[in-house]
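All residue numbers for the sequence shown refer to our numbering, where the first residue is 123 and numbers rise by one.
Cβ atoms here follow ideal geometry from the backbone N, Cα and C, with glycine treated the same way.
Structure record follows, encoded as structure tokens.
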Amino acid sequence: MTEERSLKNLLFSISTLEDLREVLSSRSHFQENIRMSLFSLMGSMPVSKGAIFLYNRRRRGLVLEACRGAGLPEGMRIPLTSKTAEVLRRQERIIMVARPPRGLATFLGEASYVLDRAQTVLLVPLKFGDGLEGLISLGPRFNGEAYTESDLEILKVMANYIAIGIHNQGLMRNLERTNRKLRKQVAENQQLYTNLESIYNDTIKAL
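As structure tokens, then:
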């Protein structure tokens, strides 16, 4: 019976990964993609409380991007130093809030007002390359059982998918911003050229 349940969980997880791939490769609204990714991940465990925070270097913190069941206000921010961000990036294992790894106890204590409200049991760092993209918070499972090693491995794979999607979406948004600036600059240059041409023509007529 246990093997049958494990097989069903594996097949469901594979299906969820495929859904994640489609959602994250979509060019639709970024926040909606993140929200759907969170829902897919939560459904695979399943859990009733979850959230995704994105790392904002400019604001020096983790900013809430998507939430379900955790009752966190939109835009909530958890302060995060660059040193702690590096510690999170280096984490190879999923973080058990009840048993914090070395170097994160202070951060978890400072973030307890958020984690307690969301009933956070696990924190899954979202990493890409040499950078931290964000953090996933997950509450207890619906059935009250502890997360298994198999669950944790599946979560790591899903987190990698989401981190890559967030990074790629960020690149696309930056590219779109750059393109808008270039188009604006081209339009300004075209207007400048038109003005110069008009001045040139008026000069020729005057001569």
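(request) Let me know the secondary structure DSSP gives Ser320 once reduced to three states. (result) By 1-based counting over the sequence shown, the position of residue 320 is 198. Residue state, collapsed to three classes: helix.
(message) Tell me the residue span of the alpha helix (DSSP H) that contains Leu210.
(response) In the sequence shown, the residue the question calls residue 210 occupies position 88. Counting along the chain, the alpha helix (DSSP H) containing Leu210 begins and ends at 204-211.
(message) Please state the DSSP three-state secondary structure of Lys171.
(response) Here residue 171 corresponds to residue number 49 of the sequence shown, with the count starting at 1. Three-state result, Lys171: coil.
(request) For Ile200, name the three-state secondary structure that DSSP assigns. (result) What you label residue 200 is simply residue 78 of the sequence shown in a count that begins at 1. Ile200: strand per DSSP, three-state reduction.
(message) Looking at the secondary structure, which residues open and close the beta strand (DSSP E) in which Ile330 lies?
(response) Since the first and last residues shown for the chain are 123 and 329, residue 330 lies out of range.
(request) Could you tell me the distance, in whole angstroms, from the CA atom of Arg182 to the CA atom of Gly197? (result) Here residue 182 corresponds to residue number 60 of the sequence shown, with the count starting at 1. Here residue 197 corresponds to residue number 75 of the sequence shown, with the count starting at 1. Their backbone Cα atoms lie some 14 Å apart in a straight line.
(request) Kindly give me the distance between the Cβ atoms of Gly193 and Arg239, rounded to whole angstroms, as I take these residues to be in contact under 8 Å. (result) Position 71 of the sequence shown, counted from the first residue, corresponds to residue 193. Position 117 of the sequence shown, counted from the first residue, corresponds to residue 239. Right, their Cβ atoms sit about 6 Å apart.
(message) Need the endpoints of the alpha helix (DSSP H) that Arg221 sits in, please.
(response) Counted from its first residue, the sequence shown places residue 221 at position 99. Unbroken run through Arg221: none, as it is neither H nor E.
(message) Between Pro262 and Leu210, how many whole angstroms is the CB-CB distance? I'm expecting something under 8 Å.
(response) Residue 262 sits at position 140 when you count from the first residue of the sequence shown. Residue 210 sits at position 88 when you count from the first residue of the sequence shown. That belief does not hold up - the Cβ atoms of Pro262 and Leu210 are roughly 22 Å apart, past 8 Å.
(message) Between which residues of its own chain and Phe264 is the CB-CB distance below 7 Å, once the five residues before and five after are set aside?
(response) For the purposes of this step, residue 264 is taken as residue 142 along the sequence shown, with counting starting at 1. The residues are Pro168, Val169, Ser170.
(message) Rounded to whole angstroms, what is the Cα-Cα separation between Leu184 and Glu267?
(response) Along the sequence shown, one-based indexing puts residue 184 at 62. Along the sequence shown, one-based indexing puts residue 267 at 145. Rounded to the nearest whole angstrom, the CA to CA distance from Leu184 to Glu267 is 29 Å.
(request) Keeping to the same chain, check which residues put their C-beta closer than 8 Å to that of Gln241; ignore five residues upstream and five downstream. (result) Start at 1 with the first residue of the sequence shown, and residue 241 comes out as number 119. Answer for Gln241: Lys171, Ala192, Gly261, Pro262, listed in chain order.
(message) Suppose the cutoff is 6 Å on Cβ atoms and the five residues either side in sequence are ignored; what does the same chain contact list for Cys189 look like?
(response) For the purposes of this step, residue 189 is taken as the residue at position 67 of the sequence shown. Same-chain partners within the cutoff: Ala173.
(request) Would you kindly check if the distance between the Cβ of Leu176 and the Cβ of Gly256 is under 8 Å? (result) In the sequence shown, counting from the first residue as 1, residue 256 sits at position 134. In the sequence shown, counting from the first residue as 1, residue 176 sits at position 54. Result yes, Cβ atoms of Gly256 and Leu176 sit closer than 8 Å.
(request) Could you give the DSSP three-state label for Asn178: helix, strand or coil? (result) Sequence index remark: in the sequence shown, residue 178 carries index 56 (1-based). It is a strand residue.
(message) If you reduce the DSSP assignment to three classes, tell me which class Arg263 lands in.
(response) As a position in the sequence shown, residue 263 is number 141, starting the count at 1. Reduced to three states, the DSSP call for Arg263 is strand.
(message) Taking 8 Å as the threshold (C-beta atoms), are Ile217 and Lys278 in contact?
(response) In the sequence shown, the residue the question calls residue 278 occupies position 156. In the sequence shown, the residue the question calls residue 217 occupies position 95. Their beta carbons are not under 8 Å apart, which means Lys278 does not touch Ile217 by this criterion.
(message) Here's the rule I'm using: 16 or more other beta-carbon atoms within 10 Å means buried, otherwise exposed. How should Ser272 be labelled?
(response) Position 150 of the sequence shown, counted from the start, is the residue given in the question as residue 272. A residue is called buried once 16 or more other Cβ atoms fall within 10 Å of its Cβ, and Ser272, having fewer, is exposed.
(message) Quick check on Ala207: buried or exposed, where buried means 16 or more other Cβ atoms within 10 Å of its Cβ?
(response) Counted from its first residue, the sequence shown places residue 207 at position 85. Answer is buried; the Cβ neighbour count reaches 16.
(message) Considering Cα atoms alone, identify which of Glu214, Val236, Arg224, Pro195 is closest to Pro201.
(response) To locate residue 201, count along the sequence shown from 1; it is residue 79. When each option's Cα is compared against that of Pro201, the closest is Val236.
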